[in-house]
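Okay, structure first, notes after.
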Amino acid sequence: MTPLVGRMLDTLDERVALRRPARHLANKVFPSHWSFLLGEVALFSFMILVATGVFLTMFYRPSTAPVVYTGTSAIYAGRELPEVFASIVRLSHDVDGGLLFRRIHRASSHVFIGACIAHLLRVVLTGAFRRPRELNYLIGLTLLLLAVGSGYSGHNLPYDVLAGTSLRILYTLLLSVPYLGEPLALGAFGGEFPGDIMPRLFVVHVLALPGLIAGLMTVHLLILGRQTHTQLPRTGIDGAQRVVGEPLWPWQAARSTGLALGLGATVALSAALVPWSDVDLHGPFEIAQTTNTAQPDWFLFWVEGVLRIYPPIEFHVAGTVVSGPLVGGVLLPLALVALGYAYPFLERRRHPEPGDHHVAQHPLQIPFRAGAVAGVVVLLVLLTLAGGNDVIARLLGLSTESVLWAFRIAVPLAPPLAAWGAAAHARAQGRRWT
Amino acid sequence: MGTSEDEEGLDILQRRVPAPGPGNAVVVAAACAVTAIAAATFAVAVLTGASVALQGTALAAALAGLALAVRRLAPAVFPHVETAEDRDAPEGSDVPLSDVEPVGRRPLLRRVLVAAGGVVGLALLAPLSALRPPRAEAERGTGWARGTRLVMPTGEPIAADDVPPGGIATVFPSDGVGREIAAVLLVRLSGVAPADPTRLDWMVGDDLVAYSKVCTHAGCPVGLFSERTSTLFCPCHQSSFDAARGATPTFGPPSRPLPQLPLAVDGEGYLIAAGDFGGPVGPAVG
Ligand code: FES
Numbered sequence: 004m005t006p007l008v009g010r011m012l013d014t015l016d017e018r019v020a021l022r023r024p025a026r027h028l029a030n031k032v033f034p035s036h037w038s039f040l041l042g043e044v045a046l047f048s049f050m051i052l053v054a055t056g057v058f059l060t061m062f063y064r065p066s067t068a069p070v071v072y073t074g075t076s077a078i079y080a081g082r083e084l085p086e087v088f089a090s091i092v093r094l095s096h097d098v099d100g101g102l103l104f105r106r107i108h109r110a111s112s113h114v115f116i117g118a119c120i121a122h123l124l125r126v127v128l129t130g131a132f133r134r135p136r137e138l139n140y141l142i143g144l145t146l147l148l149l150a151v152g153s154g155y156s157g158h159n160l161p162y163d164v165l166a167g168t169s170l171r172i173l174y175t176l177l178l179s180v181p182y183l184g185e186p187l188a189l190g191a192f193g194g195e196f197p198g199d200i201m202p203r204l205f206v207v208h209v210l211a212l213p214g215l216i217a218g219l220m221t222v223h224l225l226i227l228g229r230q231t232h233t234q235l236p237r238t239g240i241d242g243a244q245r246v247v248g249e250p251l252w253p254w255q256a257a258r259s260t261g262l263a264l265g266l267g268a269t270v271a272l273s274a275a276l277v278p279w280s281d282v283d284l285h286g287p288f289e290i291a292q293t294t295n296t297a298q299p300d301w302f303l304f305w306v307e308g309v310l311r312i313y314p315p316i317e318f319h320v321a322g323t324v325v326s327g328p329l330v331g332g333v334l335l336p337l338a339l340v341a342l343g344y345a346y347p348f349l350e351r352r353r354h355p356e357p358g359d360h361h362v363a364q365h366p367l368q369i370p371f372r373a374g375a376v377a378g379v380v381v382l383l384v385l386l387t388l389a390g391g392n393d394v395i396a397r398l399l400g401l402s403t404e405s406v407l408w409a410f411r412i413a414v415p416l417a418p419p420l421a422a423w424g425a426a427a428h429a430r431a432q433g434r435r436w437t
Numbered sequence: 216m217g218t219s220e221d222e223e224g225l226d227i228l229q230r231r232v233p234a235p236g237p238g239n240a241v242v243v244a245a246a247c248a249v250t251a252i253a254a255a256t257f258a259v260a261v262l263t264g265a266s267v268a269l270q271g272t273a274l275a276a277a278l279a280g281l282a283l284a285v286r287r288l289a290p291a292v293f294p295h296v297e298t299a300e301d302r303d304a305p306e307g308s309d310v311p312l313s314d315v316e317p318v319g320r321r322p323l324l325r326r327v328l329v330a331a332g333g334v335v336g337l338a339l340l341a342p343l344s345a346l347r348p349p350r351a352e353a354e355r356g357t358g359w360a361r362g363t364r365l366v367m368p369t370g371e372p373i374a375a376d377d378v379p380p381g382g383i384a385t386v387f388p389s390d391g392v393g394r395e396i397a398a399v400l401l402v403r404l405s406g407v408a409p410a411d412p413t414r415l416d417w418m419v420g421d422d423l424v425a426y427s428k429v430c431t432h433a434g435c436p437v438g439l440f441s442e443r444t445s446t447l448f449c450p451c452h453q454s455s456f457d458a459a460r461g462a463t464p465t466f467g468p469p470s471r472p473l474p475q476l477p478l479a480v481d482g483e484g485y486l487i488a489a490g491d492f493g494g495p496v497g498p499a500v501g
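Read top to bottom, the protein sequences are chains R and X.
So for the first sequence, the numbering used here puts the first residue at 4; every next one is plus one.
So for the second sequence, the numbering used here puts the first residue at 216; every next one is plus one.
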């Protein structure tokens, strides 16, 4: 430590009495297994998202009023475009570093959601959600949902063709809600589609969601700090009482800094190589347009899949309509989310183990858990594939009709089978770490 | 327990003093040099509007160099220590949250206070009503009525002959251009005779028919027409409708046909609506 930094720290310490809490923090123990870094990847990608997002916000205009774009893009120069789309074209072609930061922002959003999912899987598979960590599990799951909401709203901010259809489907899903459909859809969009959606989506994406995520992440980390990490089983260590690892200072700090910088380097390199969300690829959303494709981001492809394979059934009951969008696009996702929130308590009813649990379990130790994870993963993967049934049909040289029917049969059957199979396998293996 | 005396200290299980090879210093220095050059390149690339490939690569190299330097320098300077931290156990309910004891209980007043707070919370929901659209807009209907002219997205009226055989056109009511729910697809069939349940008396001639453009599944715009099979396609979830048979769904998730719009021709030879759609427009409303 240089004398200058040392003096500054002393000065600060004399005023805010910082030495003791700083030392406590520096001595905080971090397990060295790689799977404990997934949450850090999520944290760092969120920081990159906020930093690049602030830059992008300066140039974004959430209005659909027509303007004539007069920048350097050869495709759009002189064309009348919705102002919001024109601002994206400007960012991509006329603002210094604009395209780079757009692409880094987009790449980091994929990393953020992917890291949240991987982190959740680690927590579930090793039983790290059990008492006393139920609350942090619920907060973490909420963070994943907020991340997906951020991804969805950000995906639609350019107001290109993909955004138009994706927002139209959201409007339909809101409309399909029994009894409340019309007020919900009109209220959310501020009028009949597309209504006043862009300013609202903008505020949700740049203020409400990141604010909630930052706040909940802080709580998540404070709780983690109080509870400490789970301990992988290890001879000679009573994991229930203590956790083993490296102190935050200095090795863990170096490792985390290296991870953050490496992540930044990776998304920057990907921005140089991959044309993430290319504004030249899809034109602006126009209602009279003859062909619009629909294609959500990968993390919502499974919803697209349900909408595609749901049979053409619509029936009236109790003064309302039960439609495909309601069952597939609203009720099924809500049921999965509810299952996610309820899981720790469902498992506890199946396997009542009193007391606190600080020692990580083998992923196959609890058959009920192995089955539940396998069932949900198989369901989501199948639905994701179903979201591309036309592509699959083309690749396999089959008719879209037969592929559709294959999914209609597989989706209700395969997940329970996978759950049963995984549970049986786990029971037969009887694996455990301890 | 542990090697250190005071309770804040680390309980060190293992300590390994680094033995970095002689090359380590070279690696760190080289990484720092790469970082500095790449960072400067990045700044110049952004300021001069160089390609995104150069900007991204330079930024990546700068950050990667820094990452490498940090990861190589720290283990050379600090020992590797493995340590254990004790978990805090909850202290139970005999530790009070506060040391200030209340002097009276007043349970009823407390409940009244909570209730008043609840009323405030509920009342604060009222401004949510600002989100809804003005009444008039919410009840506009489809915008089609007897005598409404069909116009192109540009606002120009359209005559029956403007749609070539096997062709389609997207049109709007003259007072609602660009209104999504009112969008209509004019289809001129070719080589296929329209049949039930198409309303033949709502067509102009024996081949010009109009359907709502809003898919009855999830509301995407139906916009592809295959002349040979007289099939309309919705790209969102691969559905198809038979334009010669009342736009009945023939594949995919929609369960209702695209409603047909009754057509007529006015005195000037332009297309007009002879009434509103024959059925509900767009996806189901719960
Ligand atoms: S919206 Fe047309 S098929 Fe789904």
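Just so it is clear, CB atoms sit at the ideal spot from N, CA and C, and this is done for glycine as well.
In this text, all values refer to a predicted model and were calculated from it rather than measured experimentally.
Which residues does DSSP pair with residue i in a beta bridge?
i, result
"residue 449(X)", "454(X)"
"residue 230(X)", "296(X)"
"residue 319(R)", "324(R)"
"residue 383(X)", "402(X)"
"residue 426(X)", "400(X) and 475(X)"
"residue 75(R)", "Residue 75(R) is not bridged to any residue."
"residue 480(X)", "486(X)"
"residue 270(X)", "DSSP output for residue 270(X) lists no bridge partner at all."
"residue 53(R)", "According to DSSP, residue 53(R) bridges with nothing at all."
"residue 163(R)", "287(R)"
"residue 338(X)", "DSSP, once it has assigned bridges, lists no residue as partnering residue 338(X)."
"residue 463(X)", "457(X)"
Could one say the Cβ of residue i lies closer than 8 angstroms to chain R's Cβ atoms, at least one of them?
i, result
"residue 220(X)", "Because residue 220(X) carries a pLDDT of 41, less than 50, the predicted location of this residue cannot be relied on, and no value is offered for it."
"residue 301(X)", "yes"
"residue 217(X)", "Low local confidence applies: a pLDDT of 39 at residue 217(X) is under 50, so the model's placement there is unreliable, with the coordinate-based value given in what follows. By this cut-off, residue 217(X) is not an interface position."
"residue 275(X)", "yes"
"residue 476(X)", "no"
"residue 247(X)", "no"
"residue 347(X)", "yes"
"residue 470(X)", "yes"
"residue 374(X)", "no"
"residue 261(X)", "yes"
"residue 326(X)", "no"
"residue 256(X)", "no"
"residue 234(X)", "no"
"residue 368(X)", "yes"
Using a C-beta to C-beta distance shorter than 7 angstroms, which residues of chain X count as neighbours of residue i?
i, result
"residue 404(R)", "466"
"residue 139(R)", "Near residue 139(R) there are no residues of chain X at all, since even the closest Cβ is about 14 angstroms away, more than 7 angstroms."
"residue 244(R)", "301 and 302"
"residue 174(R)", "434"
Just checking: is the beta-carbon of residue i within a distance shorter than 8 angstroms of some beta-carbon in chain X?
i, result
"residue 316(R)", "yes"
"residue 268(R)", "yes"
"residue 290(R)", "yes"
"residue 55(R)", "no"
"residue 185(R)", "yes"
"residue 8(R)", "no"
Do residue i and residue j have their C-beta atoms closer together than 8 angstroms?
i, j, result
"residue 387(R)", "residue 308(R)", "yes"
"residue 445(X)", "residue 407(X)", "yes"
"residue 389(X)", "residue 363(X)", "yes"
"residue 105(R)", "residue 59(R)", "yes"
"residue 192(R)", "residue 198(R)", "yes"
"residue 369(R)", "residue 190(R)", "no"
If the cut is a Cβ gap below 7 angstroms, which residues of chain R does residue i touch?
i, result
"residue 272(X)", "272 and 275"
"residue 289(X)", "253, 254 and 257"
"residue 228(X)", "247"
Listing by chain order, which chain X residues have their CB less than 8 angstroms from the CB of residue i?
i, result
"residue 429(R)", "Per Cβ cutoff of 8 angstroms: no residues; residue 429(R) is ~28 angstroms from chain X at best."
"residue 32(R)", "298, 299 and 300"
"residue 328(R)", "432, 433, 498 and 499"
Output, in chain order, the set of chain X residues within a Cβ distance shorter than 9 angstroms of residue i.
i, result
"residue 159(R)", "None at all; the shortest Cβ gap to chain X is about 15 angstroms."
"residue 240(R)", "228 and 299"
Given that residue i touches chain B, what residues does it touch there, using C-beta distances under 9 angstroms?
i, result
"residue 396(X)", "In the structure shown, chain B does not exist; the protein chains are R and X."
Counting by C-beta, which residues lie closer than 5 angstroms to a heavy atom of the ligand FES, in chain order?
430(X), 432(X), 433(X), 435(X), 449(X), 451(X), 452(X) and 454(X)
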